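S.K.: Numbered according to the numbering used here, the sequence shown spans residues 536 to 659. Even for Gly, the Cβ is constructed at its ideal location relative to N, Cα and C. These numbers come from a predicted model, not from an experiment.
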Amino acid sequence: MSTPLTLVALLLVITVLSLRVSQLRLRHRVSLGDGGHKDLLVAVRAHGNGLEQGLLYAVLLLAHAQLHPGPDAWVLVANAAFVAARVVQPLALFGRQLRLRQLAHLASVALQWVVAVRLLLVVP
536 MSTPLTLVAL LLVITVLSLR VSQLRLRHRV SLGDGGHKDL LVAVRAHGNG LEQGLLYAVL
596 LLAHAQLHPG PDAWVLVANA AFVAARVVQP LALFGRQLRL RQLAHLASVA LQWVVAVRLL
656 LVVP
């Protein structure tokens with residue numbers, strides 16, 4: 536998955552999560568916080584986690600693209616795996632699948648570290 540396509544995919548995931556929070560805020564008439572509604576708390580956390588992990592990866596990915604313009608097979612695989620993990624993580628959270636959520640989070644963090652280490656190895 537190319538860098539631009541990956542960034543668009545992450546944008547879509549985070550936007551869907553944001554819309555879910557907005558939908559629940561309207562339904563429960565809650566402007567700030569979760570108002571004691573567990574479904575809203577979970578949605579806010581899923582959105583927050585998506586932003587936290589997605590933005591970190593996006594910054595690393597853009598730095599990599601600046602240092603290495605052009606196709607790179609390992610980045611294409613890493614990008615696809617990262618996007619898949621960022622889709623699975625909130626689905627597992629909403630579905631109360633703790634082990635799957637943990638694995639998706641572990642994959643996200645591991646892929647961030649892989650990109651970060653690769654950047655350190657190639658920085659002039």
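Is there contact between the segment 620 to 628 and the segment 571 to 581, where contact requires at least three CB pairs shorter than 8 Å?
M.R.: Contact holds: three or more Cβ-Cβ distances are below 8 Å.
S.K.: Between the Cα of Ala593 and those of Pro604, Leu602, Asn614, spot the shortest distance and give me the residue it belongs to.
M.R.: Counting from one through the sequence shown, the residue named residue 593 turns up at place 58. Cα-wise, what sits closest to Ala593 is Asn614.
S.K.: Going by C-alpha distance, which of Leu633, Ala642, Asp607 is nearest Ala620?
M.R.: Translated into positions along the sequence shown, residue 620 becomes position 85. Checking every option, the nearest Cα to that of Ala620 belongs to Ala642.
S.K.: Using 10 angstroms around the beta-carbon of Arg555, count the other beta-carbons present and answer buried if the total reaches 16, otherwise exposed.
M.R.: Taking the first residue of the sequence shown as position 1, residue 555 is located at position 20. Its Cβ being crowded by 16 or more others within 10 Å, Arg555 is buried.
S.K.: Is DSSP giving Asp607 helix, strand or coil here?
M.R.: Locating residue 607 in the sequence shown gives position 72, counting from the first residue. Three-state result, Asp607: coil.
S.K.: If we call anything under 8 Å between Cβ atoms a contact, is His599 one with Val612?
M.R.: In the sequence shown, counting from the first residue as 1, residue 599 sits at position 64. In the sequence shown, counting from the first residue as 1, residue 612 sits at position 77. Going by C-beta atoms, His599 is not nearer than 8 Å to Val612.
S.K.: Starting from Gly630 and walking both ways along the alpha helix (DSSP H), at which residues does that stretch end?
M.R.: Walking along the sequence shown from the start, residue 630 turns up at place 95. Looking at the DSSP string, Gly630 is not in any alpha helix (DSSP H), and its letter there is neither H nor E.
S.K.: Please look up how many angstroms separate the CB atoms of His572 and Val657, rounded, as I've assumed it's under 8 Å.
M.R.: As a first step, residue 572 is located in the sequence shown; it is residue number 37 there, counting from the start. As a first step, residue 657 is located in the sequence shown; it is residue number 122 there, counting from the start. Not confirmed; about 47 Å, so no contact.
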